[in-house]
Amino acid sequence: MTTPTKIIFDTDPGIDDAMALLFIEASPALELIAVTTIFGNSDIDTTTRNALYLKSRFGLTAPVYKGTDKPLVRPRNPSPTFVHGENGLGDVELTGLVPEKPEAKPAHQAIIDLARQYPGEVVLCAVGPLTNLALALRADPEVATLLKSVVIMGGAFGVAGKPGNVTPVAEANIWNDPEAADQVFTAPWNLTAVSLDVTTQVVMSPDYMDALAAGGSDAGGFLNAISKPYAAFYGGRDGIVGCCVHDAAAVAFVIDPTLFTVRRGSVRVITDGIALGQTCQKVEGELFGPSAWDDQPIQAVTVAVDGERLLKLYAETMMAKHG
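Quick note on numbering: the sequence shown equals residues 87 to 409 in my numbering.
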């Protein structure tokens, strides 16, 4: 039997974050060793509370570490309550369980310590703003060589006609801390960005979510409930029937990279002006004059996905665990 991959989940729960976290918990291919929280879909106190709530309600054993409450150099953007609700989880009532407190150690230090404890074994999967990762790099640059890989949900490269979701050219996680994102993309680790170019191509329909809940499990019922306001947002804005699979797609990449096609090249992030937060890749092998992309690490970005197989993997994983 294959040894499960150790994974740190850096997250801002978040409806789709909850979908991804329970996917990790259910997968026999993954061993969740830490949850690190970040602002983004809500403020840091709310996202940390939500991570602790999910840990308590669904019996997760991994410790939760609270991350930073603001971007590296700029004020925090307002929380998108029109997407994730005031409580960050679709305003579904969070009843019955009093969350424990997070660990005393800050999130970025937990990332460093776990990378040093398990050199070459840990995948860091980050599905929110990348500030904790940038802080880890600043505190201990060697962390980039100690992690097995980094998989983020973030960025948009215009491959599938979706160059942004918070501005015409920027994806939310990158836009929420573009300076951190540029530092992360230019660090010498093995990084893959699971981008809007693929996550918007995979949709969990209402029937799909109903099927997850049909087994009567608490997890299936909870995911179905929180998906409804999320789907209502996508229906109202984009005309989509269902909800896009953003954060769970990053987890799916960790489990089975063959679901995706990637394009390699150096990536820079625009940190000022009208295109703030835009992710720009110089594709490997293309020739230009001198530029800010020169001598930067080569990273992978997703440009295509087998959505049918991804949805099948998610459903089968959840049903095998929760019935």
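Where a beta carbon is used, it is the ideal one built from N, C-alpha and C, also for glycine.
Name the residue from the options whose alpha carbon lies nearest to the alpha carbon of residue i.
i, options, result
"Glu402", "Thr285, Leu108, Cys330, Ile260", "Leu108"
"Gly245", "Thr286, Tyr139, Asp129", "It should be noted that the sequence gives Val, not Gly, for residue 245. Nearest option by C-alpha distance: Thr286."
"Arg350", "Val340, Gly359, Cys366", "Cys366"
"Val369", "Asp381, Ala361, Arg224, Ile360", "Asp381"
"Ala201", "Glu179, Gly214, Pro227", "Pro227"
"Val159", "Thr357, Pro185, Gly247", "Thr357"
"Lys187", "Met404, Arg162, Gln269, Ser142", "Ser142"
"Leu282", "Gly247, Met404, Gln203, His408", "Gly247"
"Phe271", "Val255, Val353, Lys398", "Val353"
"Phe339", "Ser303, Val284, Gly371", "Val284"
"Ile310", "Met404, Tyr139, Val229", "Residue identity differs from the one stated: residue 310 is Asn in this sequence, not Ile. Cα-wise, what sits closest to Asn310 is Met404."
"Lys38", "Gln269, Trp275, Ala212, Ala225", "Because residue 38 is not part of the residues shown, which for the chain are 87 to 409, the question remains open."
"Gly206", "Ala220, Val229, Pro185, Gly214", "Val229"
Give a yes or no on whether 8 angstroms exceeds the smallest Cβ distance from residue i to chain B.
i, result
"Tyr204", "This model lacks chain B altogether, as it is built from one protein chain only."
To the nearest angstrom, report how far apart residue i and residue j are at their CA atoms.
i, j, result
"Val337", "Val236", "11 angstroms"
"Ala148", "Asp293", "31 angstroms"
"Ala266", "Arg395", "32 angstroms"
"Asp129", "Gly176", "15 angstroms"
"Val355", "Gly182", "43 angstroms"
"Asp98", "Pro376", "37 angstroms"
"Pro166", "Ile260", "15 angstroms"
"Arg135", "Ala406", "28 angstroms"
"Gln364", "Gly301", "42 angstroms"
"Gly153", "Thr132", "12 angstroms"
"Tyr204", "Pro164", "36 angstroms"
"Leu277", "Ser113", "22 angstroms"
"Phe168", "Thr253", "16 angstroms"
"Met295", "Leu373", "46 angstroms"
"Gly171", "Leu397", "25 angstroms"
"Ala137", "Phe243", "30 angstroms"
"Asp304", "Leu140", "11 angstroms"
"Leu146", "Ile94", "13 angstroms"
Please state whether the Cβ-Cβ distance between residue i and residue j is less than 8 angstroms.
i, j, result
"Val327", "Met290", "no"
"Pro279", "Gly321", "One point to set straight first is that residue 279 is Ala, not Pro, in the sequence displayed. Cβ distance not < 8 angstroms, so Ala279 and Gly321 don't count as in contact."
"Gly126", "Asn262", "yes"
"Ala299", "Gly307", "yes"
"Val429", "Glu111", "Because the chain is modelled from 87 through 409, residue 429 falls outside the range shown and cannot be assessed."
"Ala273", "Leu223", "yes"
"Thr91", "Leu116", "yes"
"Leu210", "Asp96", "yes"
"Ile198", "Leu216", "no"
"Val178", "Ile312", "yes"
"Gly174", "Gly250", "no"
"Val255", "Ala378", "no"
"Val288", "Val391", "yes"
For the ligand ADP, is there any heavy atom lying closer than 7 angstroms to the beta carbon of residue i?
i, result
"Asp296", "Inclusion of the ligand ADP in the displayed structure is not the case, the ligand content being empty and no account of it being possible."
According to DSSP, which residues form a beta bridge with residue i?
i, result
"Gln364", "DSSP output for Gln364 lists no bridge partner at all."
"Lys415", "The displayed coordinates of the chain run from 87 to 409. Any statement about residue 415 would go beyond what the structure contains."
"Asp96", "Thr122, Ala212"
"Ile197", "For Ile197, which the question treats as bridged, DSSP gives no partner whatsoever."
"Ser303", "Looking at the DSSP assignment, Ser303 forms no beta bridge with any residue, so it has no partner."
"Met290", "Cys329"
"Met239", "Val280"
"Ala390", "Thr347"
"Thr147", "Its beta-bridge partners do not exist; DSSP assigns none."
"Arg354", "Cys366"
For this session: State whether the region 120-130 contacts the region 298-317, with contact taken as three or more CB pairs (one from each stretch) at a distance under 8 angstroms.
Result: In short, these stretches do not touch, since the Cβ pair count stays below three.
For this session: Would you check if there are 3 or more beta carbon pairs closer than 8 angstroms linking the region 103-118 to the region 194-207?
Result: Taking 8 angstroms as the limit for Cβ pairs, the verdict is that the region 194-207 does not touch the region 103-118.
Problem set entry | Three-pair Cβ contact test at 8 angstroms for the region 374-390 versus the region 341-356 | Touching, yes.
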